[in-house]
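Here the sequence shown is numbered in the numbering used here, starting from 932 and rising by one per residue.
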Amino acid sequence: MRLLAVLALLLLTTASLGPAAAAGGLTCVKTQCESTGRACVETLYAAHETCMKTGNLKCRTVPPAEQYKCLTGELRPCVVTRIQKEAACLEAFRSCYRACGPLGGKRADYWCVASLGRKTTAGFCATRPGSGRSREVCTEIFTGDPTSPVSLTCEPL
């Protein structure tokens, strides 16, 4: 009876992981998690840009002595919302990443957000731990050139 209960619990736990666990490993992360995480980040940055432009436009008509107060009031909510939503995107990606099960191998895995000129995007990056080249490897994923100038922030997974 106890064995049956354990098997039922195991089955329920596995079923709750859904399609993310089905693919397994790095394939799972790339197919189930990365595109959703990227869409989350790209959507939030598009909304952030719109919010910032709207705030700047609104404050253009304000007298110079009141510009700072206007900009602070209009732009601060844009920044706070971006930070909160970016944290939510990271947590959603991490949750999916964990659901993909043991990834095996000796790697350092990261979730990176890259500002590429006028576009901000995100992606999964796996490097060799201790190689000292993590930034170059992750930059190359986004630009195709490890020496390309890019604003890149990577969070360890």
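Virtual Cβ for every residue (Gly too), placed ideally from N, Cα, C.
Subject >> Neighbour-count burial assignment, Glu1017, 16 or more Cβ in a 10 Å radius >> reply: Locating residue 1017 in the sequence shown gives position 86, counting from the first residue. Looking at its Cβ environment, which holds 16 or more other Cβ atoms inside 10 Å, Glu1017 is buried.
Original post:
How many angstroms separate the CA atom of Ala953 from the CA atom of Cys1027?
Top reply: Counting from one through the sequence shown, the residue named residue 953 turns up at place 22. Counting from one through the sequence shown, the residue named residue 1027 turns up at place 96. The pLDDT assigned to Ala953 is 41, lower than 50, so where the model puts this residue is not dependable; a value taken from the coordinates is nonetheless given after this. Computed Cα separation, rounded: 12 Å.
**OP:** With DSSP as the reference, please indicate the residues paired to Phe1055 in a beta bridge.
**Re:** In the sequence shown, counting from the first residue as 1, residue 1055 sits at position 124. Bridge partners of Phe1055: Trp1042.
Subject >> Own chain, CB closer than 8 Å to Arg1038, minus 5 neighbours either side, in chain order >> reply: Sequence index remark: in the sequence shown, residue 1038 carries index 107 (1-based). Closer than 8 Å at the Cβ level, and outside the excluded window around Arg1038, lie Ala1057, Thr1058, Arg1059 and Pro1060.
**OP:** Report buried or exposed for Leu1083, applying the criterion of at least 16 other Cβ atoms within 10 angstroms of its Cβ.
**Re:** Position 152 of the sequence shown, counted from the first residue, corresponds to residue 1083. By the neighbour-count rule (16 or more Cβ atoms within 10 Å), Leu1083 is buried.
**OP:** Take the Cβ of Ala1019 as the centre, count every other Cβ of all protein chains shown within 10 Å, and call the residue buried at 16 or more, exposed below.
**Re:** As a working note, residue 1019 is residue 88 in the sequence shown. Exposed, because fewer than 16 other Cβ atoms sit within 10 Å of the Cβ of Ala1019.
Original post:
Would you call Thr1051 buried or exposed, if buried means 16 or more other Cβ atoms sit within 10 Å of its Cβ?
Top reply: Translated into positions along the sequence shown, residue 1051 becomes position 120. Buried, since its Cβ has 16 or more Cβ neighbours within 10 Å.
**OP:** For the alpha helix (DSSP H) holding Pro1008, just list the boundary residues, first then last.
**Re:** In the sequence shown, the residue the question calls residue 1008 occupies position 77. Run containing Pro1008: Gln998 to Ala1030, per the alpha helix (DSSP H) assignment.
**OP:** Tell me where the alpha helix (DSSP H) around Ser1065 begins and ends.
**Re:** Locating residue 1065 in the sequence shown gives position 134, counting from the first residue. Taken as a continuous stretch (DSSP letters only), the alpha helix (DSSP H) holding Ser1065 covers Ser1065 to Thr1074.
Subject >> Within 7 Å, strictly: CB atoms of Val1081 and Ala1045 >> reply: Residue numbering aside, residue 1081 sits at position 150 when the sequence shown is read from its first letter. Residue numbering aside, residue 1045 sits at position 114 when the sequence shown is read from its first letter. Yes.
Original post:
If you compare alpha carbons, which of Leu1034, Arg991 and Ile1014 is closest to Pro1005?
Top reply: Along the sequence shown, read from residue 1 onward, the residue named residue 1005 stands at position 74. Rather than Pro, the amino acid found at residue 1005 in this sequence is Glu. Residue Arg991 is the option with its Cα nearest to Glu1005.
Original post:
Whose C-beta lies closer than 8 Å to the C-beta of Val972 among residues of the same chain, with five residues either side of it excluded?
Top reply: Here the question's residue 972 lines up with position 41 in the sequence shown. Result list for Val972: Glu1017, Cys1020, Val1044, Thr1051, Thr1052 and Ala1053, in chain order.
Subject >> Candidates Pro995, Cys1085 and Cys1001: closest to Phe1055 by CA position >> reply: Within the sequence shown, the letter at position 124 stands for residue 1055. When only C-alpha atoms are compared, the closest one is Cys1085.
Original post:
Looking at Thr1058 and the ligand ADP, is the gap between the Cβ and the nearest heavy atom below 6 Å?
Top reply: The model depicted lacks the ligand ADP and carries no ligand whatsoever.
Original post:
Pro1087 by DSSP, collapsed to three states: which one?
Top reply: For the purposes of this step, residue 1087 is taken as residue 156 along the sequence shown, with counting starting at 1. In this structure, Pro1087 counts as strand in the three-state DSSP scheme.
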